[in-house]
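Line by line, the protein sequences give chains A and B.
Heads up, the first sequence is in full-length UniProt numbering, so the first residue is 1 and it goes up one at a time.
Heads up, the second sequence is in full-length UniProt numbering, so the first residue is 1 and it goes up one at a time.
Beta carbons are placed, not taken as given, at the ideal position from N, Cα and C, and that holds for glycine.
Heads up, the thing below is written out as structure tokens.
2 protein chains.
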Amino acid sequence: MMTVTVVGVGLIGGSLVLSMKQHGVATHVIGVDHDPTHLREAAARHLIDEGTTDLSAAVRRADLIILAVPMDALLSLLPEVLDMVDNQVVIDVGSTKKALLDVVRTHPKRSRFVAVHPMAGTEFSGPEAAVPELFRDKTLVLCDAEDSAADAVAQVEHVADALGMRRVYLGGAEHDMHVAYVSHISHITSFALALTVLEKERDEQRIFELASTGFSSTVRLAKSSSAMWVPIFRQNRENVLDVLDEHLRQLQHMRDVLAQEDYSAFTDLIHQANHIKRILK
Amino acid sequence: MMTVTVVGVGLIGGSLVLSMKQHGVATHVIGVDHDPTHLREAAARHLIDEGTTDLSAAVRRADLIILAVPMDALLSLLPEVLDMVDNQVVIDVGSTKKALLDVVRTHPKRSRFVAVHPMAGTEFSGPEAAVPELFRDKTLVLCDAEDSAADAVAQVEHVADALGMRRVYLGGAEHDMHVAYVSHISHITSFALALTVLEKERDEQRIFELASTGFSSTVRLAKSSSAMWVPIFRQNRENVLDVLDEHLRQLQHMRDVLAQEDYSAFTDLIHQANHIKRILK
Numbered sequence: 001m002m003t004v005t006v007v008g009v010g011l012i013g014g015s016l017v018l019s020m021k022q023h024g025v026a027t028h029v030i031g032v033d034h035d036p037t038h039l040r041e042a043a044a045r046h047l048i049d050e051g052t053t054d055l056s057a058a059v060r061r062a063d064l065i066i067l068a069v070p071m072d073a074l075l076s077l078l079p080e081v082l083d084m085v086d087n088q089v090v091i092d093v094g095s096t097k098k099a100l101l102d103v104v105r106t107h108p109k110r111s112r113f114v115a116v117h118p119m120a121g122t123e124f125s126g127p128e129a130a131v132p133e134l135f136r137d138k139t140l141v142l143c144d145a146e147d148s149a150a151d152a153v154a155q156v157e158h159v160a161d162a163l164g165m166r167r168v169y170l171g172g173a174e175h176d177m178h179v180a181y182v183s184h185i186s187h188i189t190s191f192a193l194a195l196t197v198l199e200k201e202r203d204e205q206r207i208f209e210l211a212s213t214g215f216s217s218t219v220r221l222a223k224s225s226s227a228m229w230v231p232i233f234r235q236n237r238e239n240v241l242d243v244l245d246e247h248l249r250q251l252q253h254m255r256d257v258l259a260q261e262d263y264s265a266f267t268d269l270i271h272q273a274n275h276i277k278r279i280l281k
Numbered sequence: 001m002m003t004v005t006v007v008g009v010g011l012i013g014g015s016l017v018l019s020m021k022q023h024g025v026a027t028h029v030i031g032v033d034h035d036p037t038h039l040r041e042a043a044a045r046h047l048i049d050e051g052t053t054d055l056s057a058a059v060r061r062a063d064l065i066i067l068a069v070p071m072d073a074l075l076s077l078l079p080e081v082l083d084m085v086d087n088q089v090v091i092d093v094g095s096t097k098k099a100l101l102d103v104v105r106t107h108p109k110r111s112r113f114v115a116v117h118p119m120a121g122t123e124f125s126g127p128e129a130a131v132p133e134l135f136r137d138k139t140l141v142l143c144d145a146e147d148s149a150a151d152a153v154a155q156v157e158h159v160a161d162a163l164g165m166r167r168v169y170l171g172g173a174e175h176d177m178h179v180a181y182v183s184h185i186s187h188i189t190s191f192a193l194a195l196t197v198l199e200k201e202r203d204e205q206r207i208f209e210l211a212s213t214g215f216s217s218t219v220r221l222a223k224s225s226s227a228m229w230v231p232i233f234r235q236n237r238e239n240v241l242d243v244l245d246e247h248l249r250q251l252q253h254m255r256d257v258l259a260q261e262d263y264s265a266f267t268d269l270i271h272q273a274n275h276i277k278r279i280l281k
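Dropping the structure here:
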């Protein structure tokens with residue numbers, strides 16, 4: 001019997017409580033959102049059992065509080081919520097961790113907070129984008145878990161297991177570096193690819209008619225919302241710039257090899273890139 | 001009642017004849033491949049009814065001949081096959097068209113050839129990658145169709161309609177320019193993204209554990225084969241370099257805006273990229 005309060009009933013928060021209800025981990029879900037249409041939509045979709053704008057009451061009544069708001073809002077929301085908790089457990093679902101962990105490092109209730117990052121999502125947003133089983137077979141990263149109380153970590157592990165998630169434990173700074181490689185850079189390249197095609201191909205009907213499945217797959221993330229992603233890039237700016245510079249070097253090298261018509265070197269580059277098959281099925 | 005000969009029983013050729021058999025367009029399929037294990041595999045998977053290495057007999061017995069080999073092999077194979085045909089129809093399924101059309105421009109049997117490009121595929125290759133319905137709701141581009149005989153074009157249109165494909169008519173040079181934007185560049189960015197991550201993230205277990213659905217989606221094409229793609233980049237080099245240079249400019253601009261911490265401009269770039277939503281659902 002667990003009452004869960006979710007602050008932010010969008011794609012990630014909504015999908016998370018929906019999955020928790022379906023797997024019997026959450027028995028009652030209270031939604032908090034600054035947007036009343038989000039709350040109505042979330043209730044209509046049975047993501048939440050009740051909606052409120054009274055954050056402190058919703059925190060007081062919960063066993064677990066999930067903070068699923070954009071990263072910039074999270075930096076002020078997390079200490080505010082920790083000020084309110086007694087023995088409840090608080091988790092975030094943010095895509096960067098170091099700045100957030102720094103904000104609460106000396107907070108007297110720091111141990112009630114478990115920093116987690118579910119490695120799943122889609123390019124859509126809002127409660128209407130929430131789907132069950134979004135997290136099955138995906139990874140849940142727990143960051144700096146040694147700074148959280150053992151019972152709080154155990155509760156989060158219980159939720160992860162119930163949802164069929166793999167658990168990975170990382171330091172916050174280490175997490176931010178890795179996600180720059182395997183998540184954030186993909187969004188940058190996808191945004192840039194969309195900008196490229198929109199710039200070069202002025203005939204939108206042609207894009208629609210000719211877009212291959214491959215193109216759709218690489219450009220899909222370019223539909224992602226700036227409200228979610230700008231704060232992520234801001235908070236993980238140094239790591240993202242580092243991997244982006246490496247990506248620019250790799251692209252420039254492929255360009256030069258093609259310009260020089262060195263097809264043997266070009267073939268070698270593709271063979272090297274093919275190694276990703278070993279890792280991703 | 002149509003006998004179809006397919007030269008090259010890989011992903012595209014195999015999927016095409018499989019779909020044609022399932023939709024009753026092809027009644028008998030002869031497979032020709034230089035690799036006997038491909039022919040055995042294709043027969044075992046019922047992609048073809050018989051396999052042979054005797055190209056001229058297979059051409060003579062067919063109503064429709066599909067050339068589904070890499071682009072470099074196609075440049076010599078197409079005139080060779082046109083030398084053999086009487087009133088049969090010959091199509092290719094290649095990803096570039098201008099060089100190929102130039103090769104047969106003055107061939108006496110030019111009018112029996114219809115240059116087509118089905119805008120669909122996956123990152124896998126070989127007969128084991130062939131799947132039915134790969135082409136449903138996808139686009140079939142017919143290039144320079146005015147240089148083909150009316151009955152040959154009509155036969156290809158009949159196949160496209162039976163497979164549930166959208167038909168688009170383009171000039172060969174125009175086709176090559178458009179596909180550089182909406183297909184070839186995606187493969188370059190995906191190869192470069194894989195190289196970036198393999199270079200920066202030396203811990204392969206971490207890539208496996210943390211790879212988000214978004215990362216997998218943008219890097220999927222990096223599994224594509226060099227045998228197929230190097231000839232495409234070679235034959236469409238100028239268009240690919242042109243769009244690649246634009247992509248490098250867009251990426252560099254995103255990088256500079258992020259380095260300068262100009263988040264208002266960064267937000268604007270994402271909003272512009274989001275316009276791709278209008279075109280691709």
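Assuming residue i and residue j make a contact with CB atoms under 8 angstroms, what is their CB distance in whole Å?
i	j	result
B/Val7	B/Val104	Their Cβ separation, rounded to whole angstroms, is 15 angstroms, which puts B/Val7 and B/Val104 out of contact at 8 angstroms.
A/Val179	A/Ser95	6 angstroms
A/Gly172	A/Leu101	4 angstroms
A/Gln155	A/Leu64	7 angstroms
B/Ser226	A/Thr52	Actually they do not touch by this definition, with Cβ atoms about 57 angstroms apart.
A/Val141	A/His117	4 angstroms
By DSSP's criteria, residue i is part of a beta bridge. Which residues make up the other side?
i	result
B/Thr139	B/Arg166
B/Pro118	B/Leu140
A/Gly31	A/Val6, A/Gly51
A/Asp92	A/Leu67, A/Ala115
Taking the C-alpha atoms as reference points, what is the distance between residue i and residue j?
i	j	result
B/Leu80	B/Ala130	Looking at the sequence itself, residue 80 of chain B is Glu, so the reference to Leu does not match. Taking the straight line from one Cα to the other gives about 26 angstroms.
A/Met2	A/Val89	11 angstroms
B/Asp72	A/Asn239	41 angstroms
A/Asp83	A/Val114	15 angstroms
A/Val219	A/Thr106	41 angstroms
B/Leu75	B/Arg249	34 angstroms
A/Thr189	B/Leu55	44 angstroms
B/Glu50	B/Ile91	20 angstroms
A/Asp176	A/Leu244	14 angstroms
B/Ala149	B/Ser111	5 angstroms
B/Lys200	A/His28	44 angstroms
A/Arg167	A/Ala120	13 angstroms
A/Cys143	A/Ser212	39 angstroms
B/Ser15	B/Val93	12 angstroms
A/Lys97	B/Asp161	52 angstroms
B/Ser224	A/Met254	16 angstroms
A/Gln22	A/Met165	15 angstroms
A/Thr122	B/Glu261	26 angstroms
A/Asp33	A/Arg40	10 angstroms
B/Val35	B/Ile276	According to the sequence as given, residue 35 of chain B is Asp; it is not Val. Rounded to whole angstroms, B/Asp35 to B/Ile276 spans 42 angstroms at the Cα level.
B/Glu157	B/Asn87	17 angstroms
Could you tell me which of the options sits nearest to residue i, measuring between CA atoms?
i	options	result
B/Ser183	A/Leu47, A/Pro36, A/Asp83, A/Leu210	A/Leu210
A/Val4	A/Ala162, A/Arg60, A/Phe233, A/Pro118	A/Arg60
B/Asp203	A/Gln252, A/Asp147, A/Leu101, A/Arg278	A/Arg278
A/Gly214	B/Ala273, B/Arg40, B/Glu157, B/Lys138	B/Lys138
B/Tyr263	A/Ala273, A/Glu246, A/Ile232, A/Asp256	A/Ile232
A/Tyr181	B/Glu174, B/Glu157, B/Tyr181, B/Phe208	B/Phe208
A/His187	B/Glu174, B/Ser216, B/Glu157	B/Ser216
A/Phe191	B/Gln252, B/Val141, B/Glu157, B/Glu146	B/Gln252
A/Phe124	A/Met228, A/Ala145, A/Gly24, A/Asp256	A/Met228
A/Asp256	B/Arg237, B/Ala265, B/Asp256	B/Arg237
A/Ala62	A/Glu146, A/His38, A/Ala26	A/Ala26
Measure the CB-CB distance between residue i and residue j and report whether it falls below 8 angstroms.
i	j	result
B/Pro108	B/Leu47	no
A/Val230	B/Ile270	yes
A/Ala58	A/Ile30	yes
A/Leu170	A/Phe135	no
A/Val197	A/Met20	no
A/Pro132	A/Leu18	yes
B/Ala99	B/Gln235	yes
A/Leu241	A/Ala222	no
A/Ala44	A/Val9	no
B/Leu258	A/Gln272	no
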